[in-house]
Amino acid sequence: MATIRFDVLTLFPDMFTGFIQNSMIQKAHEKGLIETRIINFRDYAFNKHRTVDDIPYGGGDGMVLKPEPFFEAIDDLIDPNEEKPPVLLMSPQGERLTQQKVNQLATHSRLILLCGHYAGFDERIHQYVATEEISIGDYVLTGGELPAMIIMDSVSRQIPGVLGNTLSAQNDSFADGLLEYPQYTRPAEYRGYQVPEVLLSGHHLRIEKWRRQESLRRTWERRPELLDKVTLTEEDRIFLRQLEDQQGE
Ligand SMILES: CN1CCN(c2ccccc2CNc2ccc(C(N)=O)cn2)CC1
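Now the structure itself:
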C-alpha cells in the first residue's frame with residue numbers, strides 16, 4: 001500500500017521519466033512507499049482534432065488550455081464516492097510553497113498535480129477543477145512540470161522510510177526554520193584551506209554547539225526575517241546579540 005500517490009496531468013510526460021528514475025523516488029517506488037502516474041491530458045481531449053488549447057476570448061497573444069481535458073481527466077481519476085484529493089495547480093499566481101506547506105501536503109495519501117503550458121489555463125479549471133494553486137517562487141517558467149517535480153521531491157522526502165536515514169529529513173535546516181550549517185569532508189586541508197578544528201575534535205557537544213551557531217549566523221546574515229519564526233534558546237539569543245554587537249563595531 002503506497003503511503004502517497006502522485007497523479008500528474010501534463011502534455012510532456014517524458015519530462016518526468018529521468019526525474020523519477022534518478023531520484024530517491026525510484027527507490028521509494030520499489031519499497032512501495034510512493035506511486036506516481038504521469039498522465040498526458042491530451043488523452044482526455046475528446047474533440048475531433050484532440051486539441052487541448054485554443055485562442056483566448058477577447059483577443060490577445062498565446063493560446064489558452066481548454067477546460068474539457070481537465071474536467072474529463074479529473075472525472076476519470078476521482079471516484080465521486082471518495083473524498084476529493086487535493087488538486088494542485090502549479091502557477092505563478094499560487095500560494096508560495098514553503099517547507100510548512102510541503103509538510104502539510106505530505107499528510108495526504110494522494111495528490112493530483114496540474115501542469116500548464118502556453119498562456120495558462122482557462123479560468124474554469126482554476127475555479128472548478130483545482131482545489132488550490134501553488135507557486136514555487138516569483139519567476140516565470142514555460143510550464144508547470146518543474147514545479148510539479150519540486151512538489152514530488154520535497155513531499156516525498158517527508159514520507160517516513162523514503163530517505164534512508166529518517167533523521168536527515170527531520171534535521172533539515174528548514175525543519176527547525178534555520179539555514180543549514182556549513183558542511184565539510186576530507187581532506188582536512190586542501191590547497192591550504194582548512195576544515196574548522198572543532199569538526200576534527202570529536203567533541204560532539206562542541207560540534208553540535210558550533211553547528212547551531214553557524215546556522216544562526218548564516219540565517220542572521222542571509223535571511224534575518226526567518227529568525228522571527230524560530231524558537232530560540234537563551235543561548236541562541238546570547239549568540240545573536242554577540243553578532244549584533246560585532247556588527248556595531
Ligand atoms: C508566460 N506565462 C505562460 C503561462 N504560465 C502559466 C500560467 C498559469 C499556470 C501555469 C503556467 C506555466 N508557468 C509557470 C508555472 C508555475 C510557475 C511558478 N512560479 O510556480 C511559474 N511559471 C505563466 C507564464
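Numbering (the UniProt record's numbering) for the sequence shown: 1 to 249. No residue lacks a Cβ here, since even glycine has one placed at the ideal position from N, Cα and C.
Query - 7 Å Cβ cutoff met for Ile-38 and Pro-13 - result: Yes.
Query raised in the report: Beta carbon of Glu-133, beta carbon of Leu-89: below 7 Å?
Result: Taking 7 Å as the Cβ cut-off, Glu-133 and Leu-89 qualify as a contacting pair.
Query raised in the report: Hey, out of Thr-142, Leu-226, Pro-147, His-203, whose CA is closest to Glu-95's CA?
Result: With distances taken between Cα atoms, Glu-95 lies closest to Pro-147.
Query raised in the report: If you measure from each residue's Cβ to the nearest non-hydrogen atom of ligand 1, which ones come out under 6 Å, in chain order?
Result: Close to ligand 1, as judged by a C-beta nearer than 6 Å to any of its heavy atoms, are the residues Met-90, Ser-91, Pro-92, Gly-116, Ala-119, Gly-120, Phe-121, Ser-135, Ile-136, Gly-137, Tyr-139, Val-140, Leu-141, Gly-143, Gly-144, Pro-147, in chain order.
Query raised in the report: Taking Cβ positions, are Lys-66 and Val-87 nearer each other than 7 Å?
Result: Cβ distance not < 7 Å, so Lys-66 and Val-87 don't count as in contact.
Query - When His-126, Asp-236, Leu-105, Asp-228 are compared against Lys-209, the one with the closest alpha-carbon - result: Distances from the alpha-carbon of Lys-209 to those of His-126, Asp-236, Leu-105, Asp-228 put Asp-236 closest.
Query raised in the report: Between the beta-carbon of Ile-125 and the beta-carbon of Pro-85, is there less than 7 Å?
Result: No, these two residues do not count as a Cβ contact at 7 Å.
Query raised in the report: Nearest-angstrom Cα distance between Lys-101 and Gly-192?
Result: Using only the alpha carbons, I get a separation of about 43 Å.
Query raised in the report: Which residue comes first and which comes last in the alpha helix (DSSP H) that contains Pro-92?
Result: It is not in any alpha helix (DSSP H) - Pro-92 instead sits in the beta strand (DSSP E) that spans 87 to 96.
Query raised in the report: My guess is that Ile-20 and Val-155 are in contact by the Cβ rule of under 8 Å, so how many angstroms apart are they, rounded?
Result: Actually they do not touch by this definition, with Cβ atoms about 14 Å apart.
Query raised in the report: What is the DSSP secondary structure of Ile-151, counted as helix, strand or coil?
Result: Per DSSP, reduced to three states, the secondary structure at Ile-151 is helical.
Requested in this report: Compute the distance between the beta-carbons of Leu-9 and Phe-41, then report whether it is under 7 Å.
Outcome: Between Leu-9 and Phe-41, the CB-CB gap stays under 7 Å.
Requested in this report: Find out if the Cβ-Cβ distance for the pair Glu-72, Tyr-44 is shorter than 7 Å.
Outcome: The Cβ atoms of Glu-72 and Tyr-44 lie closer than 7 Å to each other.
Query raised in the report: What three-state label does DSSP hand Leu-159 in the structure shown?
Result: The sequence shown places Ile at residue 159, not Leu. Looking at Ile-159 - three-state DSSP - the assignment turns out to be coil, as it is neither helix nor strand.
Query raised in the report: What residue does the alpha helix (DSSP H) around Thr-219 start on, and which one ends it?
Result: Annotation: the continuous alpha helix (DSSP H) that includes Thr-219 extends over 204 to 222.
Report task. Please name the residue or residues paired with Leu-9 in a DSSP beta bridge. Result -> Leu-9 is bridged to Ile-39, Leu-114.
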